[in-house]
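Undergrad:
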Amino acid sequence: MGGKDSKLSYITQEEALKRVTDVELKRLKDAFKRVSALSGFMTETVFMREVLWDGVPPKIAQLLFKAFGGTVKGLSFKELLAGMVVLTKGTKEEKIKLIFGMYADETFTVINKDEMDRKIVTTEDHVPPSLSQLFAQNDQVDYEMFRAWVYMNPDATIVTKWLLTEPISFSLSSDTETPTFYQTLAGVTHLEETDISELEKKYWILKAQSKTGKFDQETFKSFVFPTIPESLCEALFMSFDENRDNHIDFKEIACGVSACCRGPTMERQKFCFKIFDTDHDGKLGEKELREMIDSLVAIRMENKDPEQLESDAFLKMDPAMVSKEILSCHDSDKDGFITMEEYLVWTVNNVLCDDFLDLLSQICHVVLGLKPESPEEEGKIILDWLAREDRKKKKVGQVWYLISIQWWTAWKNYVTYKVMEENGVVTESPGRSNSNDTRHRLLTQCKNPTGCLPWDDENVIMVNVNKTNSVCETPLVGDARELSNQFNSHTFPRTSHSLTSTPKKYRLSPEVEHKTRSPSASPKLKKRVVIPPKPSQIDNSSLVIPNQYKVMTLTNEGGRLKRDVMMVDGKDFKLVPEPVWKALSTWYGGCPALPRTVIPTGKGDLNPELELYPVMVRLLRHQTQAQRPVQPTTISSVMTGLGGMAISTMNSFTNHHQQPKRYLAFTACYSRCHTLQQVYDFLCTKLRFTREDLRLWKISNKDENNMVMLDDETLTVEQAGIEDSQQILIEVRNKDLTWPEEMSQLAKNKNMKKEQVPTEPGATGLNNLGNTCFMNAAVQCVSNTQPLTIYFKEGFYQYELNRSNPLGMKGHIAQRYGDLVKDMWSGTTKTTAPLKLRWTIGKYAPRFNGFQQHDSQELLSFLLDGLHEDLNRVHDKPYVELKDSDGRPDEIVAQEAWDNHLLRNQSVIVDLFHGQLKSQVKCKECGHTSVRFDPFNYLSLPLPMESCIHIEIIVMRLDGSVPVKYGLRLNMDEKYKALKKELSKLADIPPEQILLVEIVGPVVKTLPHDNQKVRNLLGGSLYAYELPPVENIEPITAEEETLEKKSHIGLSEIQRGISAKKPTAANGHIGRLQPTLNGIDRGNNSATSTPTHSRNNSSTSLNMSMNSSISLESSQKSVGDVFNGFVIAVHRKMTLMDLYFLSSQKTRPSLFGTPIILPCDEKSSNQDLYEFIWKQVARIVSPLPPSEAKLSNHALDCDDSLCYEYPFTLKVVQKDGFTCAWCPWYRFCRGCSIECNTEKFNFGSSFIAVDWEPTALHLRYQTTCERFFEENPSVAESRKKQTEPIDLDTCLQAFTKEEELGEDELYYCSKCKKHCLASKKLDIWRLPPVLIVNLKRFQFLNGRWVKSHKIVNFPLVDFDPSCYLAPRKHSICSCGSQGNKQSEISPHGDGLQVPNTENVVSCVCDKNDPESVSPSRRKDEDEIEEVKHSEKCSDNGYHSNTDTSSCHSNNNATCKSKDCSKSVYDLCAMSCHTGILGGGHYVAFAKNPNMKWYCYNDSSCKEVQESQLDTNAAYILFYQRGDLDVSSFMPEITNKDPDTQEIDDEFESDFKRLCVIQ
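Residues 0 to 1557 in the numbering used here are what the sequence shown spells out, letter by letter.
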């Protein structure tokens, strides 16, 4: 825009540069560089956000961007500069050109009428009448015509009014200075801003290591102990924690460090007094004095050399006697206590505290991050720390760092070098002075690499010494220190050994130093000396060998040390403890860090050693292959032919047929003492994998195909045979849960075995073949059913194969399962691949094809049904008719149904798994009951889906007390009105005085309506604000009503927009909420418009607002339309920007804290608002600044008479909290102040910003307290109820509970001959020897599938379900009235009482439907699974009366099932599902015949303890009767021949073709 080639030149580039100062130009360039794109242009969005302020309407900002010269490409700096100069310093003529550019077309030559009308409509509410004059003659006007029109109508549009008639509200620069946080702290402490900045960086690093997220006492102790004695850790923490909130914020750290390190001696001793004053009563008693002496003596012993301690008088004194001596000498008032003043007197005459002050100084510098003021101070701190650590014995687990001896020597020379003056001659101090020297010097002698001083070197630095001992130097290399500060250290120790004498003090203050300086006025140049330069950054590269592997290193060992020469501590490197290394690396920088760990030797922990050479391993990964897409199961994918089946599955396997390529991904170093579990945990954390998805293989250095699985996590790296430079393969499970190495071996037609060693029979894992964990888990559970496994292991199934059953699978399922069981129980392999079984299942059940996750229960159902049909002893099934119960006894009907079932179904599966259910339906009209008995092979118990919502709500009281959080449990369909009632009972606040507010961050999002349904908040919190009580309102007479109408305009009129106390500009809008009451506008519900008149009172409007649905996203209305009875206040602070474009952006507001709801009415004054807000924030504002000196710039505590001294100012703002509610946007006002006076507030705005005074905010506002709240016991109780587990008995009780059928489930009554309402009930009639319980976690609710994560407690042993058997007239149940006395047993075997069956907890479960229930009800396939052989029979059309005596049935097992009611069950296996619906993972747990539990996680099989069972994720439970006689289930095979026929050639050839494809 400002260039010479601009179509409309407002101002030339040269002229623009003349009008800005050099400082402004530099700032603008830096600001532009920071926000512009790489192309060097500023986008429109950035222009609106960074250049203009947030109050400028977006449409006007877009016009201004275009007028400046902005295009789609962006805005250049030259154009921006010219535009901003015109905007802030331009003449009227130049501003008119700018306005013309805003409305002009793309050529900047004319303005079109339609275009200008459109732009004005989008930026203003209406088109000004004067606009017709501009286009009176033509629809296009040029600049001259527009200029003449603007001179005549300068306020025609909001843009012309802003730029031509209004005073400029901004400029390019601003002299406003808002003190920063660092400046404020530096003003009240002895620290510089740079010190505070460095302290803050270290503070956040230390705080990040806290377990609680706070710098609490535990975190603090982990950093200072054992350097500080444990007895003083808590006291030192409390000395920093001045506000006693049990954690240290950064302000407290800065002030504490200043007090104990940088302050004058008196202030430092006061800090020590606070440490020893453990009861915080401001004085020390005899006990505290004795503890103080004990601690000080212990510190002295810890920090002195043994030679010095031999003659130390302090060690020979009795602390009790010393404490009494102190009291007798310094307790002036003889009250038995030492005050702070008396303590300070004692410290003047004693030096025992010096060691403690030095130790505190070390902690503050080394641990907390304070940088030393001088090299001497730095040297003393580091060397004293090292001396103390070197005197200690190294402990196992300690970490030490190596530093190159070259750098260490240079640093040591730098910090120990001394220049002093003797008779006017500058000499070099050879070392530390003795203890009687008047100046404290360091012990280490300055060493010159050449052995002598180069006095005659031409390159030495000339040093001139004047009378003040200052040293003037011009360094050639490095940064030479300023020796003028060489004695400005507050950490030098005193050297007296008497407790009561008054030795000479040797701590040099500036005054003392001035007295000891030479009086000579003329300096004498005697010799030239070399001052050691400041060392550069730490360089340890000389200690390590170059990294030959160009990959990332996961561990932080820093590199491999050189092995060509034996490295020695003190010769090649210097060992320093971890805190010292962190301090030096912070002050100097440098790399690499070389941490090494102390490990035990073969002799144990008695002689630990530092492991200089940890084991380096090369970590390999598989190259990522393109993941095959998951094909959805459709009708077209269900293949009928074997060839099509083979093609589908083979294509899926070809993705794994190649040997997966490996590549070097990382290197890492581990201690030879690290266990493999630690290695696994480290890699899982570093690479972000779960433990189940990662395996490690040790690759032989000679043969890469020779790999050993590292699965014994108890072994150490050394025990596992891992050598230096060993290759370790990190195998990560594929997304379909397969393992790359396993699939590669399977594709090569090899048997994938971890180790060819004998294993426990049955402890064999199954390879995942692509999301087949659902099958593996089900097969493992069935396999660990011992009677069935023995049946297959011994080959009994070969005598009972039924190849002619039309409902079976030609015996293929039984054959494949039998082969797999033999492999699993052979005890020769740890892993086998169920390829043939999966292939066979996929052939007969195509829904299980592909690589999608399936339901393990569905697979189990298919497997058991397939095994039953393949092993069915009934070859010719007779036709059986179902008879109605017709009032006959249940025993007869049940036995008849069971006999009919056995006529068609007899197999080992029936003997073991089949039971019988009783289902009865009772008509509501005639009372007729229909009873039916059906077989089942497992019980599917739906879990109660959570019908309650857990709400946590924070209550804010009127008195400003600490907020309290309450916990509530409400029904899903409850409304907020019910929430108020429940909260009222807990908080003891009437419901009408509760205002619910949803808060997100520092702003109010919504005010929920009473009639809204309660919902879970996403990212927000629910608050309840207490409001003033409602006053009683008496009816008014007609005369009073007439007088009221004639009275002055009140609050109700203001609320209806009739009048407002403050004038508003045309565009001074505020975002308004739209309260409604039951759908009626609140303006029609005022006190003066209701039929029943009452006295106008603020409480009336207040209640109306409380029952209103308020949303901050609603449209804007005028200021006069405000909340009823309250306003919203938000906390705001101003942040100083270092780079900005306009003065309005130099300080930017930001919101923080929790909003405040201010109750107010017509009588409320401005001062009332201040008082109420102060009452709410007083608890989070410290009464005094964190410094004992009362400084003038600190905000003081306020009372009613000092309203002008509140540490904040109230300003009226819009709903965003950033812009003024009274001023138009072009005033660039952040909010007009509300004066603290007695004037009526009269709802001048519905939003108020609490602008905090910067100093008060930085020093007094306690950020950690703003979100603090107390937790009511109801929170824990509600959470517990929300997540507390249920019992298996609860599910069974709900399963057998009578249920009412609804209108959509009408039952056809055979008596009434119509569909009627009915009730139904399910009962267990006959229990099988092996009871399978499916906890139905996947349910279809509200139109979608959901998974229940409810925890179900179930017994592992002695489960007695007999009490849930249906009652019999001739009862065979001996459980008695007590039922299952110890039915519920925790996973650890603890007994739990069964709930009273009369008070059953309701459960969402559907019962098995009898035949007469409506078809829609019977369609739920997830109900109790039946073996529906009657339907199968009708399909076959058999009507035979075959004698069942010819069938080879096992009547023993079948008959014994009748007596199951007298037995208890033990858990033998369970399948668990973890993860989400549609994915997740299945794992099985089973009990081996050796009585040990094993975890089957696909190919992994590990022994686990009973306490390690994942009972929380249980999905399918297998219970086996305790007194089961396995032999009774084995068939009689005498004189029978086994069926050893192989599977047909066509089937087998397709399978082989799949397995060998490459």
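Each residue gets a CB set at the ideal place from its N, CA and C atoms; glycine is no exception. Everything numeric in this text was worked out from a predicted model, so none of it was measured.
Around the Cβ of residue 1492, are there at least 16 other Cβ atoms within 10 angstroms (buried) or fewer (exposed)?
TA: buried
Undergrad: For residue 1331 and residue 1517, which I take to be in contact (beta-carbon distance under 8 Å), what is that distance rounded to the nearest angstrom?
TA: Confirmed, Cβ separation roughly 6 Å.
Undergrad: For the ligand MN, I want to know if residue 166 counts as a neighbour, meaning its beta carbon is within less than 8 Å of at least one of the ligand's heavy atoms.
TA: Absence of the ligand MN from the depicted structure is noted, as is the absence of any ligand whatsoever, leaving it without description.
Undergrad: Please decide whether residue 1262 counts as near chain B, where near means a Cβ-Cβ distance under 9 Å.
TA: Within the model displayed, chain B is absent; a lone protein chain is all it includes.
Undergrad: To the nearest angstrom, how far is it from the Cα of residue 414 to the Cα of residue 716?
TA: 43 Å
Undergrad: Between the alpha carbons of residue 47 and residue 61, how many angstroms are there, rounded?
TA: C-alpha separation (whole angstroms): 8 Å.
Undergrad: Less than 7 Å between C-beta atoms, sequence neighbours within five positions excluded: which residues of the same chain meet that for residue 538?
TA: 403, 406, 589
Undergrad: Can you tell me the Cα-Cα spacing of residue 268 and residue 237, whole angstroms?
TA: 16 Å
Undergrad: Closer than 7 Å by C-beta to residue 899: which residues in its own chain qualify, once you throw out the five before and the five after it? Chain order, please.
TA: 879
Undergrad: Name the residue from 107, 108, 129, 106 whose alpha carbon lies nearest to the alpha carbon of residue 116.
TA: 129
Undergrad: With 16 as the cutoff for other CB atoms within 10 Å, does residue 386 come out buried or exposed?
TA: Counting C-beta atoms within 10 angstroms of its own C-beta, residue 386 has fewer than 16 neighbours from the protein chains shown and is therefore classed as exposed.
Undergrad: Please report the distance separating the alpha-carbon of residue 1291 from that of residue 940.
TA: Taking the straight line joining both Cα atoms gives about 7 Å.
Undergrad: Please classify residue 1005: is it buried, with 16 or more other beta-carbons within 10 angstroms of its beta-carbon, or exposed?
TA: Taking every protein chain shown into account, the CB of residue 1005 has 16 or more other CB atoms within 10 angstroms, so this residue is buried.
Undergrad: Leaving out five residues on either side along the sequence, give the residues of the same chain with a beta carbon under 6 Å from the beta carbon of residue 1579.
TA: The chain is shown only over 0 to 1557; residue 1579 falls outside these bounds and no answer can be derived.
Undergrad: Would you tell me roughly how many angstroms separate the C-alpha atoms of residue 91 and residue 163, rounded to the nearest one?
TA: About 7 Å.
Undergrad: How about the segment 784-801 and the segment 853-862: do they share at least three Cβ pairs that are nearer than 8 Å?
TA: no
Undergrad: Per DSSP, which one or two residues make a beta bridge with residue 1494?
TA: 1484, 1501
Undergrad: Take residue 833 as the anchor and find which of 892, 370, 812 has the nearest alpha-carbon.
TA: 812
Undergrad: Starting from the C-beta of residue 42, find all residues in its chain whose C-beta is less than 7 Å away, skip the five residues before and the five after it, and write them out in chain order.
TA: Apart from the 5 residues on each side of it in sequence, residue 42 sits with its Cβ closer than 7 Å to the Cβ of 36, 73 in its chain, given in chain order.
Undergrad: From the DSSP output, in three-state form, read off residue 907 for me.
TA: Helix.
Undergrad: Does residue 331 come out as helix, strand or coil in the three-state DSSP assignment?
TA: coil
Undergrad: Which runs of the alpha helix (DSSP H) spanning at least 4 residues fall entirely within the segment 527-592, listed in chain order?
TA: 577-587
Undergrad: Return the residue from the list 271, 250, 249, 251 that minimises the CA-CA distance to residue 259.
TA: Checked all of 271, 250, 249, 251; the closest Cα to residue 259 is 271.
Undergrad: Given this structure, state the Cα-to-Cα distance separating residue 1489 from residue 607, to the nearest angstrom.
TA: Cα to Cα, the separation comes out at about 42 Å.
Undergrad: For residue 1008, is the classification buried or exposed, using 16 other Cβ atoms within 10 angstroms of its Cβ as the cut-off for buried?
TA: buried
Undergrad: Quick check on the burial criterion: 16 or more other C-beta atoms within 10 angstroms. Buried or exposed for residue 342?
TA: The residue in question, residue 342, is buried, as its Cβ has 16 or more Cβ neighbours within 10 Å.
Undergrad: With a Cβ-Cβ cutoff of 9 Å, do residue 1217 and residue 1148 count as a contact?
TA: yes
Undergrad: How far does the beta strand (DSSP E) with residue 997 in it extend, from its first residue to its last?
TA: 993-999
Undergrad: Using the three-state DSSP reduction, which class does residue 9 fall into: helix, strand or coil?
TA: Residue state, collapsed to three classes: coil.
Undergrad: Report the three-state DSSP secondary structure of residue 1240 (helix, strand or coil).
TA: Of the three classes helix, strand and coil, the one that applies to residue 1240 here is coil, per DSSP.
Undergrad: Could you pull the start and end residues of the alpha helix (DSSP H) that residue 1169 belongs to?
TA: 1165-1176
Undergrad: Classify residue 28: buried if its beta carbon has 16 or more other beta carbons within 10 angstroms, exposed otherwise.
TA: Residue environment: residue 28 is assigned as exposed (fewer than 16 neighbouring CB atoms within 10 Å of its CB, all protein chains considered).
Undergrad: Taking the C-alpha atoms as reference points, what is the distance between residue 1436 and residue 805?
TA: Unreliable positioning characterises residue 1436 in this predicted model, as indicated by a pLDDT of 35, which lies under 50. A coordinate reading is not provided.
Undergrad: Keeping to the same chain, check which residues put their C-beta closer than 6 Å to that of residue 177; ignore five residues upstream and five downstream.
TA: 1133, 1135, 1146, 1253
Undergrad: If you count every other CB in all the chains shown that lies within 10 Å of the CB of residue 1188, and 16 or more means buried, which is it?
TA: Any reading at residue 1188 must be qualified, since the residue scores a pLDDT of 38, below 50, and its modelled position is unreliable; the value itself is stated next. Around the beta-carbon of residue 1188, fewer than 16 other beta-carbon atoms lie within 10 Å, marking it exposed.
Undergrad: If you measure between the beta carbons of residue 171 and residue 88, is that distance less than 9 Å?
TA: At a Cβ-Cβ threshold of 9 Å, residue 171 and residue 88 count as neighbours.
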